[in-house]
């Protein structure tokens with residue numbers, strides 16, 4: 001994948017006839033017009049976040065969207081980076097029902113990895129690509145109030161697991177994000193919230209992106225993943241789905257595993273007024289740009305209506 005992405009990065013377009021180039025550019029015009037001034041929340045994760053060539057593509061796409069008049073807001077995860085930091089400290093990750101148990105020491109690591117290393121890498125990439133990115137956590141501007149996530153046992157709902165400082169969103173105050181957007185900045189948000197006693201909580205980045213899209217009344221929520229999108233039972237990409245069709249895919253077991261939390265956030269956002277949610281393949285160079293500014297589908301779009 002890496003070579004493919006790197007070679008794609010230095011693609012020579014001199015062989016394309018001027019007329020065709022103009023055709024390609026003019027195809028984006030209706031989309032630019034339609035989405036001008038609108039907010040797009042992007043959950044950044046997966047290969048797009050770890051492969052250097054794809055990181056650069058992502059940064060360029062975000063800057064281009066901002067320059068043509070859209071308002072991108074980036075929310076990022078960092079599971080592999082957290083795992084790496086804990087391993088270096090000799091701390092063994094412990095999971096219950098797929099969720100990382102986050103004690104106080106682990107939470108400290110989560111904060112310095114997400115709000116330090118990962119966030120600043122993304123901010124740097126966007127700035128180098130010509131944008132003006134600003135890093136935030138849910139603490140900044142009192143943005144994300146959280147409480148301890150209650151995790152019920154999947155076999156015995158009467159039993160509750162204590163997974164430490166993993167949070168559930170209580171409320172989001174988007175004023176700091178809006179102030180930055182109005183000022184030509186691109187907010188880059190780490191999914192860390194704070195509780196009523198000033199304690200920190202690690203929150204699932206898909207959930208933060210979905211809720212933020214809802215509250216900002218975003219035009220689109222874009223979730224970058226390591227899959228082509230939502231696949232049917234035969235492995236074919238489903239490019240366009242309504243909320244009802246997704247309920248049917250849940251019911252017949254087509255949707256399962258790691259896609260579930262993503263789809264749940266996507267569905268919640270679509271039902272709460274975000275016009276379209278896109279689950280796209282972050283392994284394809286510039287997939288985000290192609291999905292938003294062309295009529296090519298590079299993933300699954302979930303419509304709110």
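Numbering (full-length UniProt numbering), first residue to last: 1 to 305. All residues carry an ideal CB built from backbone N, CA and C; glycine is no exception.
In the structure shown, what three-state DSSP assignment does residue i receive?
i	result
residue 16	coil
residue 31	helix
residue 143	coil
residue 7	Per-residue confidence for residue 7 stands at a pLDDT of 42, beneath the threshold of 50, marking its modelled position as unreliable; no derived number is given.
residue 299	strand
residue 128	helix
residue 374	This structure cannot speak to residue 374, because the chain is shown only from 1 to 305.
residue 227	coil
residue 42	strand
residue 168	strand
residue 279	strand
residue 274	coil
residue 268	helix
residue 310	Only positions 1 to 305 of the chain appear in the structure, and residue 310 is not among them; the question remains open.
Rank the options by C-alpha distance to the C-alpha of residue i and give the top, closest one.
i	options	result
residue 227	40, 278 and 242	278
residue 42	304, 271 and 265	265
residue 35	291, 57 and 149	291
residue 94	120, 161, 259 and 50	161
residue 153	192, 97, 217 and 280	97
residue 189	206, 104 and 26	206
residue 310	48, 86, 114 and 142	For the chain, the structure presents residues 1 to 305; residue 310 sits outside this window and is missing.
residue 285	90, 171 and 53	53
residue 119	14, 304, 177 and 136	136
residue 311	123, 71 and 80	Residue 311 lies beyond the stretch modelled for the chain, which goes from 1 to 305, so this question has no answer here.
residue 75	64, 69, 57 and 49	49
residue 44	38, 37 and 57	57
residue 69	297, 298, 304 and 293	293
residue 62	271, 289 and 23	289
residue 235	298, 254, 73 and 217	254
residue 295	240, 64, 271 and 90	240
Would the beta-carbon of residue i fall within 8 Å of that of residue j?
i	j	result
residue 282	residue 46	yes
residue 215	residue 267	no
residue 144	residue 163	no
residue 138	residue 149	no
residue 126	residue 186	yes
residue 165	residue 107	yes
residue 111	residue 175	no
Could you pull out every residue in the same chain whose Cβ sits closer than 7 Å to the Cβ of residue i, ignoring the five residues on either side in sequence?
i	result
residue 306	The first residue shown for the chain is 1 and the last is 305, placing residue 306 beyond what the model contains.
residue 171	145
residue 219	35, 38, 39, 40 and 275
residue 262	206, 223, 225 and 279
Can you name the residues that DSSP bridges to residue i?
i	result
residue 201	193
residue 285	Per DSSP, none; premise fails for residue 285.
residue 188	74 and 135
residue 107	Note: residue 107 sits in no beta bridge, so no partner.
residue 122	Per DSSP, none; premise fails for residue 122.
residue 244	Partner(s): none; residue 244 has no beta bridge.
residue 95	100
Leaving out the 5 sequence neighbours to the left and right, which residues in its chain are closer than 8 Å to residue i when beta-carbon positions are compared?
i	result
residue 184	66 and 132
residue 134	123, 180, 185, 186, 187 and 188
residue 7	Its pLDDT being 42, under 50, residue 7 is placed unreliably by the model, and nothing is read from it.
Using a Cβ cut-off of 8 Å (strictly closer), state whether residue i contacts chain B.
i	result
residue 92	The structure shown contains no chain B, having only a single protein chain.
Only counting the same chain, and skipping five residues up and downstream in sequence, which positions put a Cβ closer than 6 Å to that of residue i?
i	result
residue 213	41, 221, 269 and 274
residue 238	230, 232 and 300
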